[in-house]
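Notes to accompany the following structure.
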Amino acid sequence: MDAGAAVSSLTTAEKASLLAGASHWKSVPIESHGISSVTFSDGPHGLRKQEKGSDHLGIHKSNPATCFPTASALACSFDESLVEEVGAAIGEEARDQHVDVVLGPGVNMKRSPLCGRNFEYFSEDPYVSGVLGAAMVRGIQSRGVGACVKHLAGNNQEHARMVGDSVIDERALHEMYLAPFEHVVRTAHPWAVMTAYNRLNGTYCSQHPWLLRDVLRGEWGFAGATISDWGAASESVASVAAGLDLCMPGPRGDYADAVERAVLSGELSPDALDEAAFHVADLERRARQGRQTAYECDYDRHAEIAYRAACESAVLLENDGILPLSSDAKVAVIGSFALLPRYQGAGSSRIDPVRLDDPWSAFLDARIEADYAQGYDAATGDASDEQLEEAAALAARSDVAVVFAGLPDRFESEGFDRKLMVMPKGHVALIERVCAANPKTVVVLQGGSPMEMPWRDSPAAVLLMYLSGCRGGHAAVDILLGRVNPSGKLAETWPVRLQDTALGRKFPDTDREVLYRESIFTGYRYFDAAGIDPAYPFGFGRSYTTFSYDAAAVSVTRDAVVASCTVTNSGACEGAETVQLYIEPLQRTVFGEPRRLAAFSKVTLAPGESARVRMTVDERAFRFWDVSDGSWRIEEGRYRVLFCASSRDVRLTCEIDLVAGRAPFAVELAKRQAPVDREALAPYYEVRPGGFSDDAFAALYAKPLPPRRPVRPFTPDSPVSDLATTFLGRQAFRIVDLLMARTAKRMNDDMKAMMDEIAADMPLRSFTSAGIPFAVVEGLVDILNGRWASGIAKVVRRS
Ligand code: BGC
1189 MDAGAAVSSL
1199 TTAEKASLLA
1209 GASHWKSVPI
1219 ESHGISSVTF
1229 SDGPHGLRKQ
1239 EKGSDHLGIH
1249 KSNPATCFPT
1259 ASALACSFDE
1269 SLVEEVGAAI
1279 GEEARDQHVD
1289 VVLGPGVNMK
1299 RSPLCGRNFE
1309 YFSEDPYVSG
1319 VLGAAMVRGI
1329 QSRGVGACVK
1339 HLAGNNQEHA
1349 RMVGDSVIDE
1359 RALHEMYLAP
1369 FEHVVRTAHP
1379 WAVMTAYNRL
1389 NGTYCSQHPW
1399 LLRDVLRGEW
1409 GFAGATISDW
1419 GAASESVASV
1429 AAGLDLCMPG
1439 PRGDYADAVE
1449 RAVLSGELSP
1459 DALDEAAFHV
1469 ADLERRARQG
1479 RQTAYECDYD
1489 RHAEIAYRAA
1499 CESAVLLEND
1509 GILPLSSDAK
1519 VAVIGSFALL
1529 PRYQGAGSSR
1539 IDPVRLDDPW
1549 SAFLDARIEA
1559 DYAQGYDAAT
1569 GDASDEQLEE
1579 AAALAARSDV
1589 AVVFAGLPDR
1599 FESEGFDRKL
1609 MVMPKGHVAL
1619 IERVCAANPK
1629 TVVVLQGGSP
1639 MEMPWRDSPA
1649 AVLLMYLSGC
1659 RGGHAAVDIL
1669 LGRVNPSGKL
1679 AETWPVRLQD
1689 TALGRKFPDT
1699 DREVLYRESI
1709 FTGYRYFDAA
1719 GIDPAYPFGF
1729 GRSYTTFSYD
1739 AAAVSVTRDA
1749 VVASCTVTNS
1759 GACEGAETVQ
1769 LYIEPLQRTV
1779 FGEPRRLAAF
1789 SKVTLAPGES
1799 ARVRMTVDER
1809 AFRFWDVSDG
1819 SWRIEEGRYR
1829 VLFCASSRDV
1839 RLTCEIDLVA
1849 GRAPFAVELA
1859 KRQAPVDREA
1869 LAPYYEVRPG
1879 GFSDDAFAAL
1889 YAKPLPPRRP
1899 VRPFTPDSPV
1909 SDLATTFLGR
1919 QAFRIVDLLM
1929 ARTAKRMNDD
1939 MKAMMDEIAA
1949 DMPLRSFTSA
1959 GIPFAVVEGL
1969 VDILNGRWAS
1979 GIAKVVRRS
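So for the sequence shown, this note's numbering puts the first residue at 1189; every next one is plus one.
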């Protein structure tokens, strides 16, 4: 039976029952009508299928699965086909473990290096995030499994993520924050989209009619199911009316009941219910069909893909010629991360790997003469005098020292943001001591996000592995030994200091109203506009060989804008180069970034070999969101096309003219006009170091900025931390502690720290995830607001 027919045969109550989960990971089945239960699992860098305890924070165990590099690493490969292959492998494991929909990829943008969840996202650039996100979706879905792209939209900080309001001006919203989702939806057709926890310009994303109906379905033509992030749905009726199809997790009998009552009373249109039920039933139909398709799942082959992915994602930041290491060298392997690598992030994406490599074993497997010193404590990152002494002594008596350092788990995680961009003091002290003891020191960095590297001139080489998955240990050592030539390029800017970023210490915003003051000036867009030199620019990465570029050409026809150049491997070993194409408008009248990534292409070449690299440029390279009438525009005029090895390493340039009626874009070209807002928006036309003020943003936002949301009266959306002022509120805190007590027993200290932060930001409505009926939450809210009688009545009635 097709989904439409199945839904039309259901009663109102049955339809409503489909709109909330049956359990943490499953949707509601209606077997009598041929509707089975759909099974979901995280995502995104491997599968987290939980059989016994369930949670959305990575606390309980999950079935062993292949752990691939996380998105911040994978993006550095700039390799769509590799990302697609990783997606396909995750899809195969999903099939093998009876999962229908994988919760990922995440295509949220990186506003600041401090976001605790940056490791799970691809890039600071919407083009890269969109293209690689689409590749991941294609891969997953090629195996008869759905992908649920997340988190739409404006979910860019962890602090107060369940109650915050992302206040984003229209241009930034379209050009930066919606653009990656738009590309994924339009080109890869994900089965599902996950709505973010936060509010977007005043309205929760899960009940945002403009976002879900006008943009997602209306403009982008999305035909799949919208699913709330776990615990994100606030008001049931408003959510369904706005276009949310499925509220997760379940059971949420109260949600279905409220929807049914609203339809019966006429408050909610039956069409809205039908539509949501249809989308859920259609998701189930796709899952059912997917289960019938043939697949093979070979965990050994997946381990090989994970190895290749780790190799391709590694970025060589520095090398004075010490790398590759000679295989006769006596190596001092220093730092706990050599034995206990940091290879994935904490939170809902944490999976239990089938196998795990570590660099120390990889050195031994390669039969390198090596000795080990711990250097620092793996969990805290602290280094004692003895540990430093031992490491320095080992380095001094070895030919070379390799220090493994970076960010321990407790420095970055889902659920909270980093406060500073620094590495643990112990890691820094260790690098300095070892470099002083032996100048032939190589630093291998593990971590999900940029770190300040005040020591970066001291070592002879620096290799960045990010969080490189279960085969990262062997990948790192094979690169150090020259068995693999590194080819990764940074998909985000590595600033010298936090203060250099557009947001500095204003991130995370500690107010509930999170002002996106920097507008479109995220990452390299800001560094370029403000003229600030980063430690390592977007797109940067070294190789053991060299590449030369020549013979650039660009043609603009009615069919396409095509750019090409010849790349030659001018060095002595095989290597891969990612050619990046940036567009620079020469006569801009609206404000904008100096240059924008328009396309990229990766090519592998033998020594002396050349290849013609061809890239098609689409309208995303030129368009801007015109706030005057809410549509995309491209300005007529001259543009410079830059063929680059990084955003700051321009090798060749061409110029093109875009003329109305003669460019192959769906967006119509517009004549340039003198800007009307130049004076009012001067900080965005002439970007300066130091970021953007509230006043500048207020002028750009062009609507009154939202007032601070009052703490009282309390509502189901009030976070637990708001209640701390009242006696009863403190008791609510206790309830949270009690609810978490059993789970807490399973947690290590890092997880407990994450839970403390998450608990404080948790809205009262989240108690429903622990099985507390929503009516009891409402009763509690009444009591907290002093309405004792009605509150107690609600609690008693439902307890
Ligand atoms: C995360 C999602 C995840 C979900 C289920 C949420 O806390 O934000 O990314 O898919 O939990 O685990």
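Ideal placement from N, C-alpha and C gives every residue a C-beta, glycine not left out.
None of the values given here were measured: they were computed from a predicted structure.
query                                                                                                      : result
Beta-carbon spacing of S1250, I1619 below 9 Å                                                              : no
Simplified DSSP assignment, three categories, for I1415                                                    : strand
Secondary structure of N1306, DSSP reduced to three states                                                 : helix
Beta bridge counterpart(s) of G1825 as assigned by DSSP                                                    : L1846
With 16 other Cβ atoms within 10 Å as the buried cut-off, status of K1518                                  : exposed
M1382: CB within 8 Å of a non-hydrogen atom of the ligand BGC                                              : yes
Segment contact flag, the stretch 1619-1630 with the stretch 1227-1243, C-beta cutoff 8 Å, min 3 pairs     : no
Per DSSP, cross-strand counterpart(s) of R1800                                                             : T1754
Pair within 9 Å by beta-carbon distance, A1617 and A1263                                                   : no
Top-ranked residue by Cα proximity to F1831, from V1742, E1363 and V1684                                   : V1742
Check: S1537 C-beta below 8 Å from any heavy atom of the ligand BGC                                        : yes
Cβ-Cβ distance between D1605 and P1696 below 9 Å                                                           : yes
Exposed unless 16 or more other CB atoms sit within 10 angstroms - verdict on H2015                        : In this structure the chain extends from 1189 to 1987, so residue 2015 is not present and cannot be described.
Proximal residues to G1321 (C-beta, below 7 Å), its chain only, five neighbours per side dropped           : P1293, V1295, F1310, V1337, P1368 and V1372
Simplified DSSP assignment, three categories, for E1781                                                    : coil
Residue of V1451, A1550, G1438 and D1470 minimising C-alpha distance to Y1495                              : A1550
Pairwise C-alpha distance: R1693 and A1193                                                                 : 55 Å
Beta-carbon proximity list for A1444, same chain, < 7 Å, skipping 5 on both sides                          : A1204, S1205, L1207 and A1208
Near the ligand BGC: W1398 beta-carbon under 8 Å from a heavy atom                                         : no
Length of the line joining the Cα atoms of S1269 and R1326                                                 : 10 Å
Alpha carbon of A1348 to alpha carbon of Y1385, nearest angstrom                                           : 9 Å
Cβ neighbours of V1650 in the same chain (closer than 6 Å, five flanking residues each side left out)      : L1505, E1506 and V1631
Any non-hydrogen atom of the ligand BGC within 8 Å of E1602 CB                                             : yes
Stretch-stretch touch, CB-based, cutoff 8 Å, three pairs: the stretch 1704-1724 with the stretch 1733-1753 : no
Backbone secondary structure at E1856 - three-state DSSP                                                   : coil
Residue ranges of each beta strand (DSSP E) within the stretch 1505-1563, 3 or longer                      : 1519-1522 and 1558-1561
Straight-line Cα distance separating G1603 from I1946                                                      : 5 Å
Within-9 Å CB hit, A1579 to chain C                                                                        : No chain C is present in this structure, which holds just one protein chain.
W1418 CB to nearest heavy atom of the ligand BGC below 8 Å                                                 : yes
Cβ pair A1526, Y1564 closer than 9 Å                                                                       : no
Among L1432, G1441 and G1332, nearest to R1474 - alpha-carbon criterion                                    : G1332
Exposure of R1283, with buried meaning 16 or more beta-carbon neighbours within 10 Å                       : buried
Host beta strand (DSSP E) of E1701 (start-end)                                                             : E1701 to L1703
The ligand BGC heavy atom lying under 8 Å from the CB of H1244                                             : yes
contact_flag[the stretch 1819-1830, the stretch 1857-1866] where n(CB pairs < 8 Å) is 3 or more            : yes
W1643 (DSSP reduced to helix, strand or coil)                                                              : coil
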